[in-house]
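Heads up: the protein sequence lines correspond to chains A and B, in order. The letter at position 307 of the first sequence is residue 896 when you use our numbering, and the numbering goes up by one with no holes. The letter at position 250 of the second sequence is residue 839 when you use our numbering, and the numbering goes up by one with no holes. Just so you know, even glycine gets a beta-carbon here, dropped at the ideal spot from N, CA and C.
2 protein chains.
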Amino acid sequence: MTLAQHIATLGQQARAASRVLAAAACAQKNAALHAIAQAIQNQRAALLAANAQDLQRAREQQLAPAMVDRLTLTEKGIDAILTSLAQVAELPDPIGAMDDLRTRPSGITVGKMRVPLGVVGIIYEARPNVTIDAAALCLKSGNAAILRGGKEALASNVALAGCIAQGLQQAGLPAHCVQVLDTPDRAAVDAIVSLPEWIDVIIPRGGKSLIERITASARVPVIKHLDGNCHVYVDASADAQKTLAVIENAKTQRYGTCNTAESLLIARPVLAALLPEIARTLARHEVEMRCCPESLAALQAAGLPAPLLRAATDEDWDAEFLAPVISVRVVDGLEEAIAWINTHSSGHTEAILTENHTHAMRFLREVDSSSVMVNASTRFADGFEYGLGAEIGISTDKFHARGPVGLHGLTSQKWVVLGDGHVRA
Amino acid sequence: MTLAQHIATLGQQARAASRVLAAAACAQKNAALHAIAQAIQNQRAALLAANAQDLQRAREQQLAPAMVDRLTLTEKGIDAILTSLAQVAELPDPIGAMDDLRTRPSGITVGKMRVPLGVVGIIYEARPNVTIDAAALCLKSGNAAILRGGKEALASNVALAGCIAQGLQQAGLPAHCVQVLDTPDRAAVDAIVSLPEWIDVIIPRGGKSLIERITASARVPVIKHLDGNCHVYVDASADAQKTLAVIENAKTQRYGTCNTAESLLIARPVLAALLPEIARTLARHEVEMRCCPESLAALQAAGLPAPLLRAATDEDWDAEFLAPVISVRVVDGLEEAIAWINTHSSGHTEAILTENHTHAMRFLREVDSSSVMVNASTRFADGFEYGLGAEIGISTDKFHARGPVGLHGLTSQKWVVLGDGHVRA
């Protein structure tokens, strides 16, 4: 059997299993989640041993420390996996809910029922915890899953797949509800993204290059998350104290996350009053500021430490630094800020600091990003903070799902029509 | 300028216009719709003259009568266009509505705002009325539109584009909100579907071959409508009178529509009691029945007219006949009917006839089609019948939009976060 045939077989099996899972009761899906947790709990030693094999190979191949870190499974990491399984079991079941039932003039009653997408393919890096997270969210939302993790985590993933299979079996669900792809061949990814007959959506979780490669070749819809060049705009009527608190949090709470602020816009009328204080706050965290000429002059005049100030290049305005660096630019006011953001932002998350209601509402309406915020830190853009209970990814697209994607993003709706022998006139 | 550059320029212009349109008030969009109607009303003679040019060329090129029919603009057709513009103006504006605002434990208030998709590309056949329909729905939903109609309608579309431009100008909206592509070159379509930077979604309206060609090459998401192989399943507990009425309507009201029933499944326990009567009803409309061996024998035994009875081939089970033809198959009961439908249906619309509540609910839940119905004719699967007010197409996909697509299908939602200086802990 060729690799393509093998993947097509997985797809067919997933499709068949998805029919059963789509009709499964919430209690049965939750039973599977708890049984998977129990299997993991029972096999802690075996899981850690499998992970040790992966880590051994990773060290031999001199993987980057950050990669080894994500690959590592610890007792505490297993505890976190068990907690997350229990949390997903607690979430309300989105499937089967009927909405908006209304009787039409013709006499039929029309509404919508929430249903699974069907088969979800998830392609991710060598992070064993994602195997369980993704399986749990797909299971709860009634979708069969085909999981393809980074090959460096192969032994860990095969061991986890065993626990998943055991849990599914115990709950009386088909083993093919979750299939973990155990071929290290990279061509398997190309095969997965080319099967629209069997796979309904692909969710890549990983770096930009992985996502761009998948998007370029995919014949299946992709929920994709590209970069987060998040802006904070300080309006002329911003409150100084809120501004300092929000910018400090948005830029410095964590540097490597996609919802970290990377660009600061400030309205000219408050440049002199607010920017030096903002800059001093950032300087305490050693954040480098890449400035437009006007903001650079203002900060130099205010005596900010020279090593942290630089003139911005054209590239800086579009960059996701993921580092203690921020670009700084003076704008006339709201109009220019919105236009600038809609040109340079990656469409992830933007915040305005203002006490002006009309400016707040215009910013919310006119900024074309997946999250828009008033007087709040961009760091809040997150499925847990938004109350989704769990997050399978963040979409920077507008189609189907936008922003943090929880269980709902893994569902669709079908129309239901209830009649009593009604015919169309 | 090459064709690709020309299309990219249209895309850029559309993107810029879409920013203005996304922020436009409902009153302004409605003013544009009314002004377009007024311009059409004022230029009836010129529109009919332009259409006469298209018809002249069509006759010279010996176009099929059905195509000429769709191409023809009459006084009555113009009246219908004016009515549809007025109806779209009457529809509630979906844009800007905020939903589900909830305060989270962190103190931020999180909700969703409905927003336009951005730029919509619509590719359709030589039907001048679609030019106005599509423009009106995009305008109302705040989306810039690039319209590419069949080249046989070029003169008509250019004349209509003039009316649209006039209406937009009168309402103070950018002319690039609606751009009608006036190059007959077929390569223009390939260019439109390859511009994800400038175009957010493609909606093809036309035959299956057009849609398959676009889907194969598109790098932009497509809302696509493939075929409608709609099933009616007669359950063991079906009511005879409702069954006859629904099947007659579903099969014979119109033959060429995608929501017409093409396949009949009947539960074995009611084969003898119901199928002959159903067949006699269909025979009155000269509908040919392509039967499985068991149903064929039953109908022959009941003395149905031989010329209307045929043994079904394997292809018949997957066919969209669009003609007075129906496939007929006996099944054991509900389980087999659902499994059969989920294998052979095109996922458009399916109906069950039953008085059994549990069977009705299982059919609704387990049949994986965009519309599922109980005791109602498949012919109801339609945006107007469902109360959408208007329909830009029917999606047989599950991603983003499913079934009849109205204004909502042309929108997305973004997250809004309201704080008061909140930071993430």
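Counted as a single uninterrupted DSSP element, the alpha helix (DSSP H) harbouring leucine 637 (chain B) occupies residues 633–649.
Around the C-beta of threonine 832 (chain B), 16 or more other C-beta atoms lie within 10 Å, and the residue is accordingly described as buried. When DSSP states are grouped into helix, strand and coil, histidine 948 (chain A) belongs to the helix group. In this model, glutamate 980 (chain B) and threonine 967 (chain B) are separated by some 17 Å (Cα to Cα).
Here leucine 1007 (chain B) is bridged, per DSSP, to A:Val963 and B:Thr698.
In the three-state reduction of the DSSP assignment, leucine 977 (chain A) falls in the coil class, being assigned neither a helical nor a strand state. Within 10 angstroms of the beta-carbon of alanine 780 (chain B) lie 16 or more other beta-carbons, which makes it buried. Of the candidates A:Val778, A:Val767, A:Ala776 and A:Ala805, the residue whose Cα lies closest to the Cα of proline 785 (chain B) is A:Ala805.
The C-alpha of isoleucine 941 (chain B) lies about 14 Å from the C-alpha of tryptophan 1004 (chain A). Note: glutamine 1002 (chain B) is bridge-paired with B:Arg703 in the DSSP secondary-structure output. The CB of lysine 987 (chain A) comes closer than 7 Å to the CB of Leu706, Gly707, Asp789 and Ser1001 in chain B, given here in chain order.
Judged by beta-carbon spacing, serine 1001 (chain A) lies beyond the 8 Å limit of glycine 992 (chain A), meaning their Cβ atoms are not closer than that value. Chain-ordered listing is empty here: chain A has no CB closer than 9 Å to the CB of arginine 646 (chain B), the nearest sitting near 37 Å. If only complete runs of 3 or more residues are kept, the region 783–845 of chain A shows the beta strand (DSSP E) at 790–794 and 819–823, in order along the chain. For aspartate 986 (chain A), there is no enclosing alpha helix (DSSP H), since its DSSP letter is neither H nor E. A straight line joining the alpha-carbon of proline 793 (chain B) with that of aspartate 816 (chain B) spans about 13 Å. The C-alpha of glycine 696 (chain B) lies about 7 Å from the C-alpha of glycine 1008 (chain B). Interface annotation for the region 635–663 of chain B against chain A: empty, criterion Cβ-Cβ distance under 7 Å. Selection A:Leu674, A:Pro913 and A:Glu904 evaluated against alanine 839 (chain A) yields A:Pro913 as nearest (Cα-Cα). Under DSSP, cysteine 880 (chain A) takes part in a beta bridge, and its partners are A:Ala900 and A:Val917. A buried status is given to arginine 918 (chain B), since no fewer than 16 other beta-carbon atoms sit within 10 Å of its beta-carbon. Here the alpha carbon of leucine 757 (chain B) sits roughly 35 Å from the alpha carbon of serine 959 (chain B). For the region 916–933 of chain A, the residues whose beta carbon sits under 7 Å from a beta carbon of chain B are, in order, Asn931. With a cutoff of 8 Å on beta-carbon distance, leucine 662 (chain A) and serine 798 (chain A) are scored as not near each other. Listed in chain order, the positions of the region 950–968 of chain A with a beta carbon within less than 8 Å of a beta carbon of chain B are Arg951, Leu953, Arg954, Glu955, Asp957, Ser958, Ser959, Ser960, Val961, Met962, Val963, Asn964, Ala965, Ser966 and Arg968.
The C-alpha of leucine 671 (chain A) lies about 18 Å from the C-alpha of alanine 616 (chain A). Between the region 949–958 of chain B and the region 917–935 of chain B there are three or more inter-stretch CB-CB distances shorter than 8 Å, so the stretches are counted as touching. Interface annotation, valine 699 (chain B): in contact with chain A, CB-CB separation under 8 Å. In this model, lysine 618 (chain B) and lysine 729 (chain B) are separated by some 6 Å (Cα to Cα). Valine 1012 (chain A): not part of any alpha helix (DSSP H); DSSP gives it neither H nor E. With respect to the 8 Å criterion, aspartate 688 (chain A) and lysine 987 (chain B) are not classified as neighbours on the basis of their beta carbons. Proximity of chain B to asparagine 818 (chain A) at the Cβ level (cut-off 9 Å) is not reached, the minimal Cβ distance being about 16 Å. Around the beta carbon of methionine 878 (chain A), a 10 Å sphere encloses 16 or more other beta carbons of the protein chains shown; the residue is thus reported as buried. If you check the CB distance, proline 773 (chain B) and leucine 743 (chain B) come in under 8 Å.
The continuous stretches of beta strand (DSSP E) do not include methionine 656 (chain B), which lies in the alpha helix (DSSP H) extending over residues 654–660. Those residues of the region 733–750 of chain B placed with their C-beta closer than 8 Å to a C-beta in chain A do not exist.
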